[in-house]
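Quick note, the sequence shown lines up with residues 1 to 449 if you use UniProt numbering.
Idealized CB from N, CA, C, for every residue including glycine.
One structure is given here, and the rest of the page talks about it.
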Amino acid sequence: MALPSRSSLSSASLKETLGDLDRDSYVALLSKIIGEARHVQNNPPDLIPKEDRVARHVLDVLLPLSTTTGGGPLIVSHVSYVEGRGNIIVEYPGTEPARILSFVGCHMDVVTADPNDWEFDPFSLSVDGDKLRGRGTTDCLGHVALVTELMKRIGERKPKLKNTVIAVFIANEENSSVLGVGVDALVKDGLLDKLKAGPLFWIDTADKQPCIGTGGMIAWKLRTTGKLFHSGLPHKAINPLELSMEALKEIQSRFYRDFPPHPKEEVYGFATPSTMKPTQWSYPGGGINQIPAECTISGDVRVTPFYSVENVIKKLEEYVDDINANIEKLGTRGPVSKYVLPDENLRGRLTITFDEAMTSGVACNLDSRGFHVLCKATEEVVGLVKPYSITGSLPLIRELQDEGFDVQTAGYGIMATYHARNEYCLFSDMRQGFGVFVSIILQLEADSD
């Protein structure tokens with residue numbers, strides 16, 4: 001087929017020009033990227049990713065098609081705030097500067113993987129028919145390769161588009177306790193400001209459907225101080241385990257009273273309402289016949305986006321303060337269980353603290369053009385559209401939304417393998433993802449006519 005030289009194309013011609021995802025090219029690129037997965041595991045302080053190891057493969061594909069080398073129309077920028085941990089911004093300029101669409105969120109770090117727990121090597125790509133297996137295939141290196149292939153195709157075929165198409169590959173998505181590395185720094189420096197002019201598609205979810213809502217997440221620790229004593233003389237102890245259990249029961253009861261299911265959760269199709277629950281328990285150790293002096297229960301709160309994370313934290317602190325002030329009124333466990341020893345002037349005490357790494361939930365704008373084109377593209381390519389919402393959290397995107405970006409989220413990995421052992425994606429799903437991206441471009445081009 002003779003390729004156009006930046007000439008205007010009809011919708012049908014543009015679709016033919018952009019074509020389909022090339023399996024050989026995609027798998028070859030993904031193989032190189034997954035081969036770096038060991039070096040981009042993000043779990044500080046032990047594992048600090050070097051995202052540039054992935055970025056160099058993206059740049060190897062796109063720089064030959066860039067203005068940097070004179071080989072093509074792509075404007076490619078490699079932006080680093082920390083050595084070895086760069087971000088990549090790729091721009092294909094359209095003819096109307098006010099028309100922009102962007103694909104953002106493809107991150108070049110991964111969660112950890114222990115090869116001893118996997119049925120195959122997580123740090124090299126293995127191909128099993130339609131299955132592409134390895135750490136990051138679903139989250140999110142498979143999407144890095146997918147969007148790279150999209151921008152490569154556009155750079156090679158050079159269609160004359162009215163819309164500018166921008167792709168942003170980011171560092172440091174899997175750990176929000178460290179700032180100033182990835183998309184937060186790009187936003188702070190104004191490098192993504194132009195993306196506010198059009199829909200921003202955050203490509204980092206799964207199952208090929210629009211994800212229209214996510215939850216906020218608050219990690220908490222409830223430390224309980226009692227009095228250590230022999231378990232044969234429990235009347236002389238303040239049992240922090242019993243105090244923790246009764247206090248947590250009261251805290252949860254108040255939480256569900258103050259943050260009940262919200263009417264909008266049904267509109268967005270959230271699988272669950274806001275929840276608060278324990279997930280870990282620890283104590284300093286000791287004999288089985290020893291009531292310990294302290295213990296700590298840890299857990300998280302998952303908050304639908306219709307409630308404020310800051311207000312939830314304030315309420316939890318109020319609950320704990322009130323329980324401490326009225327600890328005599330808290331339920332006990334048996335005839336000698338108590339939380340106050342007046343003769344010794346001792347009271348059990350609760351302290352709640354929160355992780356600094358908190359995220360707020362997102363409710364995507366269901367009236368935006370970005371949402372409508374994503375839904376139509378999904379129905380057209382996948383065969384059905386069924387938007388969903390979960391109280392899993394996606395860091396960073398609420399901040400983008402608050403900054404004025406029209407954020408819509410989607411992804412083409414497998415939700416069941418997200419952050420899991422034996423992670424994989426399907427080439428057929430990624431192929432459909434490529435088709436969805438092409439359809440989005442076609443629809444927005446039609447809007448420009």
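Quiz item: Could you give the distance in angstroms between the alpha-carbon of G198 and the alpha-carbon of R99?
Solution: Against the sequence shown, residue 198 aligns to sequence position 198. Against the sequence shown, residue 99 aligns to sequence position 99. If you take the alpha carbons of G198 and R99, they lie about 7 Å apart.
Quiz prompt | Rounded separation between C32 and E156 - CA only | solution = Along the sequence shown, one-based indexing puts residue 32 at 32. Along the sequence shown, one-based indexing puts residue 156 at 156. Correcting the residue type first, residue 32 is Lys in the shown sequence and not Cys. Rounded to whole angstroms, K32 to E156 spans 21 Å at the Cα level.
Quiz item: Could you give the residue range of the beta strand (DSSP E) that holds P303?
Solution: Here residue 303 refers to the residue found at position 303 of the sequence shown. Looking at the sequence itself, residue 303 is Val, so the reference to Pro does not match. E294 to V303 is the extent of the beta strand (DSSP E) around V303.
Quiz item: For E51, which option in N87, T68, P64 and G71 has the closest C-alpha, if you only look at C-alpha atoms?
Solution: As a first step, residue 51 must be located in the sequence shown, where it is residue number 51. Minimum Cα distance to E51 is reached at N87.
Quiz item: When you compare only the Cα positions, how much space is there between V147 and S176?
Solution: Position 147 of the sequence shown, counting from 1, holds the residue named residue 147. Position 176 of the sequence shown, counting from 1, holds the residue named residue 176. V147 and S176: Cα-Cα distance of roughly 23 Å.
Quiz prompt | DSSP state of P115 mapped onto helix, strand, coil | solution = For this step, residue 115 is matched to residue 115 along the sequence shown. Secondary structure at P115: helix, using DSSP grouped into helix, strand and coil.
Self-check item: For I88, the residue or residues it bridges with in DSSP
Solution: Translated into positions along the sequence shown, residue 88 becomes position 88. Paired residue(s): H78 and F169.
Quiz item: Within the chosen definition, does the stretch 264-279 reach the stretch 317-335 through at least 3 CB pairs nearer than 8 Å?
Solution: The stretch 264-279, when compared against the stretch 317-335, does not touch it at the 8 Å Cβ threshold.
Quiz item: How would you label T353, buried or exposed, when you count the other beta carbons within 10 angstroms and need 16 or more for buried?
Solution: Looking up residue 353 in the sequence shown gives position 353. Counting every other CB atom within 10 Å of its CB across the protein chains shown gives T353 a total below 16, marking it as exposed.
Practice problem: Take the Cβ of S253 as the centre, count every other Cβ of all protein chains shown within 10 Å, and call the residue buried at 16 or more, exposed below. | Solution: Working through the sequence shown from its first residue, we reach residue 253 at position 253. Result: exposed.
Quiz item: Can you list, in chain order, the residues of its chain whose CB lies under 8 Å from that of L426, leaving out five sequence neighbours each side?
Solution: Taking the first residue of the sequence shown as 1, we reach residue 426 at position 426. For L426, same chain residues with a beta-carbon under 8 Å away, outside a window of 5 residues either side, are D130, K131, L132 and I414 in chain order.
Quiz item: Considering R421, what are the terminal residues of the alpha helix (DSSP H) in which it resides?
Solution: Start at 1 with the first residue of the sequence shown, and residue 421 comes out as number 421. No alpha helix (DSSP H) holds R421; DSSP gives it neither H nor E.
Exercise. Output yes or no for whether 8 Å exceeds the beta carbon distance between V217 and S393.
Key: Taking the first residue of the sequence shown as 1, we reach residue 217 at position 217. Taking the first residue of the sequence shown as 1, we reach residue 393 at position 393. A small correction: the amino acid at residue 217 is Met; Val does not occupy that position in the sequence shown. For M217 and S393, yes; Cβs fall inside 8 Å.
Quiz item: Any idea what DSSP makes of P45, helix, strand or coil?
Solution: Looking up residue 45 in the sequence shown gives position 45. Here DSSP, grouped into helix, strand and coil, assigns P45 to coil.
Quiz item: Cβ atoms of V407 and G361: under 8 Å apart, would you say?
Solution: The residue given as residue 361 occupies position 361 in the sequence shown. The residue given as residue 407 occupies position 407 in the sequence shown. Against a cut-off of 8 Å, the Cβ pair of V407 and G361 comes out as no contact.
Quiz prompt | Buried or exposed by the 16-neighbour rule on C-beta atoms within 10 Å, applied to A410 | solution = Here the question's residue 410 lines up with position 410 in the sequence shown. Classified as buried, A410 has 16 or more neighbouring CB atoms from the shown chains inside 10 Å of its CB.
Quiz item: Using CA coordinates, which residue listed in I327, N289, I251 and L346 is at the minimum distance from L301?
Solution: In the sequence shown, the residue the question calls residue 301 occupies position 301. The displayed chain sequence assigns Val, not Leu, to residue 301. Of I327, N289, I251 and L346, the smallest CA-CA separation from V301 is found for I251.
Quiz item: On the premise that N163 lies in contact with L101, defined as a C-beta separation below 8 Å, what is that separation, rounded to the nearest angstrom?
Solution: Here residue 101 refers to the residue found at position 101 of the sequence shown. Here residue 163 refers to the residue found at position 163 of the sequence shown. The C-beta distance from L101 to N163 rounds to 5 Å, short enough to meet the 8 Å contact threshold.
Quiz prompt | Three-state secondary structure assigned by DSSP to F255 | solution = Reading the sequence shown from its first residue, position 255 is the one you call residue 255. Here F255 sits in helix by DSSP.
Self-check item: Status (buried if at least 16 other CB within 10 Å, exposed otherwise) for T214
Solution: Residue numbering aside, residue 214 sits at position 214 when the sequence shown is read from its first letter. Answer is buried; the Cβ neighbour count reaches 16.
Practice problem: Go ahead and pull the three-state DSSP assignment for I352. | Solution: By one-based count along the sequence shown, residue 352 stands at place 352. In the structure shown, I352 sits in a strand (DSSP, three-state: E or B).
Quiz item: Bridge partners of S102, per DSSP?
Solution: Stepping through the sequence shown from its first residue, residue 102 is reached at position 102. I166 and L200.
Quiz item: Taking DSSP as the reference, what is the three-state secondary structure of I288?
Solution: Here residue 288 corresponds to residue number 288 of the sequence shown, with the count starting at 1. Annotated three-state conformation of I288 is coil, per DSSP.
Practice problem: Inspect the beta-carbon positions of G134 and F123 and report whether they are closer than 8 Å. | Solution: One-based indexing of the sequence shown puts residue 134 at position 134. One-based indexing of the sequence shown puts residue 123 at position 123. Yes, these two residues count as a Cβ contact at 8 Å.
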